[in-house]
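Engineer: Residue numbers (my numbering): 60 to 920.
Quick one: the structure is below, and I'll ask about it shortly.
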Amino acid sequence: MKNNKLVILYLGMMLAFSACSSSGKLSKTNDAAPIEEKTLEEMVVVAPQQSVYNGSEKRENDLLHTRLDVSFDWQKKYLNGKATLTLMPYFYPTATLVLDAKGFDIHSVRLLKPVDKTLTYTYDGKQIFINLDKTYQNGEEYTLEINYTAKPDELEVGGSAAITADKGLYFINADGSQEGVPQQIWTQGETESSSCWFPTIDSPNERCTQEMYITVDNKYVTLSNGILVNSAPQANGKRTDYWKMDKPHAPYLFMMGVGSFEVIKDKPWRGREVNYYLEKDYAPYAKEIFGNTPEMLDFYSNVLGVEYPWSKFSQIVVREFVSGAMENTTAVVHFDGLNLDDRDLLDETHEDIVAHELFHHWFGDLVTCESWANIPLNESFATYGEYLWIDHKYGKDQADYHINEDLNNYLAEATHEQKYLIRYYYDDKEDMFDAHSYQKGGRVLHMLRNYVGDEAFFKSLQLYLQTNAYHPVEIHNLRLAFEQVTGEDLNWFFNQWFLGKGHPELNITPSYDAAAHKINIKIEQVQAEAPFMLPLAVDIYEGEKATRHKIMITGRNETFSFDCNTPPSLVNVDAEKVLLGTKNEVKSAKEYAFQYNHAKNFIDKLEAVNFAKDNNDNTAMQTIIEKALGDKFWAIRDAAIDAINVENTTLTNATKATLEKLATQDEKSDVRAAAVKKLSEMNSTNISLFQKALEKDQSYRVNATALKAIAKADETQGLQAAKSLENSSKGTMLRAVADVYGKYGTEAQLPFFAQAIQKKSGYTAYQLISSYGELLSRTDNTQDLLQGIDVLKDEALNNNTWWVRYAATNTLSDIRARLTESNESDKQTLLDICTKAMNAIFAKETNPRLKGIYQMMQQNM
């Protein structure tokens with residue numbers, strides 16, 4: 060599962076986010092930024108942990124095989140199913156079976172083997188309690204058949220920051236009434252939502268083989284786990300596709316997709332099909348979006364020493380997916396952010412998502428966490444898999460940039476709450492899908508690799524995978540594999556990083572002893588948690604020559620001394636830049652300038668540029684910023700642009716020409732967009748440059764930034780330009796149009812919002828709603844406000860995504876607060892209508908995250 064990265068919800072505040080994957084920005088996660096520059100990593104739901112132990116599920120019956128025969132009632136949004144399940148007692152004898160089955164109509168339960176017999180059962184709407192015909196012993200298999208109807212849209216919908224709904228089975232535009240939206244069916248099983256569409260033992264420590272018979276209209280394509288064995292014609296223009304999965308995997312990884320997809324076949328990988336399922340408009344770009352997949356299969360198989368273990372690898376892009384992507388075995392589902400054309404791909408490939416989900420096929424699918432408390436064994440590895448691929452394909456700078464973003468996202472979450480990485484105590488299993496399980500865990504694996512060395516790291520992973528293939532695991536299985544390979548007791552590492560919480564916060568103070576010719580480095584750990592054991596590299600530069608020293612920090616306050624003939628040019632603690640934590644270092648501007656020019660890592664340069672940003676009145680730092688604008692790596696150029704102080708006349712005059720060149724000629728669209736934005740912040744009157752960036756640049760990101768720059772410089776021109784883009788199919792552009800209208804528009808632009816909001820979903824819907832509210836706050840027209848209340852009420856009641864519902868509700872709350880202050884009689888009528896709308900929303904909402912917020916809203920009304 061790609062969290063995309065997590066949604067942060069601050070109570071009483073509007074959510075602020077944009078794209079599912081990294082926007083390529085280096086700005087601090089708490090900086091205010093336009094919505095498309097925010098990432099989901101900047102958002103996290105913080106829930107208090109309770110003293111409830113959440114271990115692995117007790118295994119009483121072992122599910123061996125699942126066969127599903129399914130068809131659909133599109134109008135009712137029902138699945139008509141027959142589940143044939145083969146089981147046996149796990150160890151102890153048993154005469155009963157409990158299956159998870161949420162919100163079904165159960166029509167019959169029948170034993171097929173070893174005898175044919177109707178079975179009695181009770182059903183509470185969540186589980187079926189079945190009385191078997193006798194007491195079965197371990198080793199005795201039995202097979203039963205359940206006929207049922209699944210009604211996912213009649214379930215109460217929950218969800219989390221990473222997975223925004225949990226009804227398991229989703230009908231998209233089921234009645235065909237939504238213009239421009241294809242009719243689709245898809246599933247999402249993690250965490251325990253597969254039991255919303257078929258009866259099973261819905262636990263990650265269960266696994267079985269699988270057969271799927273899917274009956275659909277001939278016009279639709281299907282996808283499921285495993286191999287398509289055959290397609291059999293049926294009456295009334297239908298057919299049944301038979302998919303077979305012959306290796307066991309967890310029920311949450313079961314997958315089904317139905318829709319009008321084009322199937323693009325890549326070259327087979329070692330005899331296995333590699334396919335991409337896309338809507339017709341995006342099929343021509345399939346190889347550009349997913350074309351590195353065969354190379355990824357090679358790279359991961361080789362580096363892990365374990366060949367990709369499954370029968371095929373398919374990827375499908377669906378509408379309105381409830382997360383970024385999901386690693387269903389052999390059949391990955393991606394959100395519609397991967398509906399990309401050649402211009403989209405200039406800004407974002409989402410290749411990190413592709414890598415993440417593929418790496419899961421080893422860590423999560425082949426070897427599966429035994430409980431949700433151990434989900435970092437899935438998600439931390441998949442997150443680190445992103446780093447491994449990026450380093451292999453694009454180089455260390457790009458990989459270090461990516462993993463530094465992971466660090467920033469974890470630290471942003473840790474500002475609000477620090478949790479155990481492996482944690483058995485939580486309120487809701489959905490809360491495990493956070494920046495600790497993903498980004499912190501990935502960084503911990505990076506430190507472990509650095510400590511044991513590459514050869515031992517990958518040999519340990521190979522042993523872990525081979526030893527535990529097709530089995531559930533807990534964190535100690537990983538530790539034991541590393542200890543067996545390295546011969547070292549690693550409890551100290553696993554205890555503090557996986558079973559502990561927090562991170563080191565270091566104060567670093569070097570001082571030179573001229574008489575003794577020594578450099579003394581005082582390192583204090585000032586975090587509230589206990590001191591960490593920290594193996595670190597320290598580079599000491601005498602002149603331009605660096606000498607590396609290895610240290611092990613163990614206490615609160617330690618001083619390390621090294622021979623040094625002359626005062627050092629630089630003391631670089633954590634020279635390999637692997638530390639998960641924060642550093643407060645005593646360094647001068649001169650030392651940071653030296654670090655930029657001589658230290659080797661991307662992070663070294665970034666630290667220098669960030670220091671320059673905060674000290675740009677210093678001549679040496681101005682020089683570093685100017686030099687960094689021409690750095691070979693795009694992210695440093697981007698950071699240098701951000702570091703420019705627009706109020707520093709000397710610096711901005713000296714660099715304006717460089718910015719204009721970057722805005723029009725840089726090879727990276729992130730840099731061009733950043734330069735346009737910075738020029739706009741400088742109140743540049745060079746509207747012709749902005750117009751050129753809007754009309755000529757192939758990047759949607761640059762176009763969107765330029766549109767906002769034009770509007771800031773000249774509202775009339777900006778509104779005219781936005782008008783010409785109202786019908787754009789691209790969310791990036793519609794979000795920019797909405798931003799311009801929200802800031803500078805009049806009542807004439809309100810109809811745009813009323814129409815556009817109903818056609819869009821996800822991130823674009825969120826931005827449209829937020830900007831709509833901004834524009835509505837400037838109108839007094841009763842009819843416009845009435846229409847606005849109706850539009851927002853509809854979204855707050857019916858949108859599939861909880862944070863979009865929240866945006867609509869919060870906007871209604873702002874409208875109501877404004878109406879409350881009015882003494883006009885017509886506004887009092889509107890106030891009553893708005894109040895009734897909000898009460899209806901409060902009454903219907905089932906998401907536990909929103910219900911608490913809505914209770915507070917209601918109390919304040």
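Heads up, the beta-carbon is just placed ideally off N, CA and C, and yes, glycines get one too.
1) Can you name the residues that DSSP bridges to Asp229?
2) Tell me, to the nearest whole angstrom, how far the beta carbon of Ile828 is from that of Ala866; I am working on the premise that it is less than 8 Å.
3) What residues are listed by DSSP as bridge partners for Leu766?
4) Please look up how many angstroms separate the CB atoms of Tyr510 and Pro435, rounded, as I've assumed it's under 8 Å.
5) Measuring CB atoms only, is the region 597-616 touching the region 631-647, in the sense that at least three cross pairs come out at less than 8 Å?
6) My assumption, with CB atoms under 8 Å, is that Gly218 sits in contact with Asp212. Please give the rounded CB distance.
7) At which residues does the alpha helix (DSSP H) containing Ala160 begin and terminate?
8) Using a 10 Å radius around the Cβ and a threshold of 16 neighbouring Cβ atoms, would you call Gly71 buried or exposed?
9) Around the C-beta of Ile323, are 16 or more other C-beta atoms found within 10 angstroms, so that it is buried, or is it exposed?
10) How is Lys185 classed by DSSP in three states: helix, strand or coil?
11) Per DSSP, which residues does Leu688 bridge with? Please list them.
12) Given a cut-off of 8 Å on the beta-carbon distance, is the pair Val668 and Ala699 in contact?
13) Whole angstroms are fine: how far does the CA of Tyr497 sit from the CA of Ala441?
14) Could you check the C-alpha separation between Asp90 and Asp395 for me, to the nearest Å?
15) Taking the straight line between their C-alpha atoms, what separation do you get for Gly500 and Gly911?
16) I need the straight-line Cα distance from Glu476 to Ala384, nearest angstrom please.
17) Determine whether the beta carbon atoms of Asn284 and Thr389 lie at a separation below 8 Å.
18) Measure the beta-carbon distance from Tyr201 to Leu282 and round it to whole angstroms, keeping in mind my assumption that it falls under 8 Å.
19) Do Lys303 and Glu204 have their C-beta atoms closer together than 8 Å?
20) Identify the continuous beta strand (DSSP E) that holds Trp302 and give its terminal residues.
21) In three-state DSSP terms, what is Ala209?
22) List, from N- to C-terminal side, the alpha helix (DSSP H) runs of 4 residues or more that fit wholly inside the region 651-703.
23) Give the secondary structure of Ile578 by DSSP, where H, G and I count as helix, E and B as strand, and everything else as coil.
24) Can you list the beta strand (DSSP E) stretches of 3 or more residues lying completely in the region 301-362, in chain order?
25) Can you tell me where the beta strand (DSSP E) with Gln374 in it begins and where it stops?
26) So Leu158 and Leu191 are in contact, right, with Cβ under 8 Å, and what is the actual spacing, rounded?
27) Is it buried or exposed for Arg837, if we count other Cβ within 10 angstroms and need 16 for buried?
28) Do the CB positions of Ala702 and Ala733 come within less than 8 Å of each other?
29) Going by the DSSP bridge assignment, what does Phe621 pair with across the sheet?
30) Enumerate in chain order the residues of its own chain whose CB-to-CB distance from Gln776 is below 6 Å, with the five nearest sequence positions on each side excluded.
31) If you draw a straight line from the alpha carbon of Asp164 to that of Lys210, how long is it in whole angstroms?
32) Are the CB atoms of Glu354 and Ser360 within a distance shorter than 8 Å?
33) Going by DSSP, name the residue or residues bridged to Gly512.
34) Along the chain, where does the beta strand (DSSP E) containing Arg981 start, and where does it finish?
35) So, for Asn579: in the same chain, excluding its five sequence neighbours on each side, which residues have a beta-carbon less than 8 Å away from its beta-carbon?
36) Would the region 250-267 and the region 305-323 be scored as touching if the rule is three or more Cβ pairs under 8 Å?
Structural biologist: This is what the structure gives:
1) Note that residue 229 is Tyr in the sequence shown here, rather than Asp. According to DSSP, which records beta bridges pairwise, Tyr229 is partnered with Trp245.
2) 5 Å
3) Leu766 is not bridged to any residue.
4) With a Cβ gap of about 18 Å, Tyr510 and Pro435 do not count as contacting.
5) yes
6) That pair is no contact at about 14 Å.
7) It is not in any alpha helix (DSSP H) - Ala160 carries neither H nor E in the DSSP assignment.
8) Low local confidence applies: a pLDDT of 32 at Gly71 is under 50, so the model's placement there is unreliable, with the coordinate-based value given in what follows. Flag for Gly71 reads exposed.
9) buried
10) coil
11) Answer is none; Leu688 lacks a bridge partner.
12) yes
13) 8 Å
14) Caution applies to Asp90, whose pLDDT of 29 falls short of 50 and renders its modelled position unreliable; the value that the coordinates give is listed next. Cα to Cα, the separation comes out at about 27 Å.
15) 29 Å
16) 26 Å
17) yes
18) Their Cβ separation, rounded to whole angstroms, is 31 Å, which puts Tyr201 and Leu282 out of contact at 8 Å.
19) no
20) 297-308
21) strand
22) 661-673, 678-687, 693-702
23) strand
24) 315-318, 321-324, 332-337
25) 371-376
26) The Cβ separation is near 12 Å, so there is no contact.
27) Taking every protein chain shown into account, the CB of Arg837 has fewer than 16 other CB atoms within 10 angstroms, so this residue is exposed.
28) no
29) Ile578
30) Ile769
31) 8 Å
32) no
33) Looking at the DSSP assignment, Gly512 forms no beta bridge with any residue, so it has no partner.
34) Because residue 981 is not part of the residues shown, which for the chain are 60 to 920, the question remains open.
35) Only Pro569, Ser570, Tyr571, Asp572, Thr618, Phe619, Ser620 meet the Cβ criterion.
36) yes
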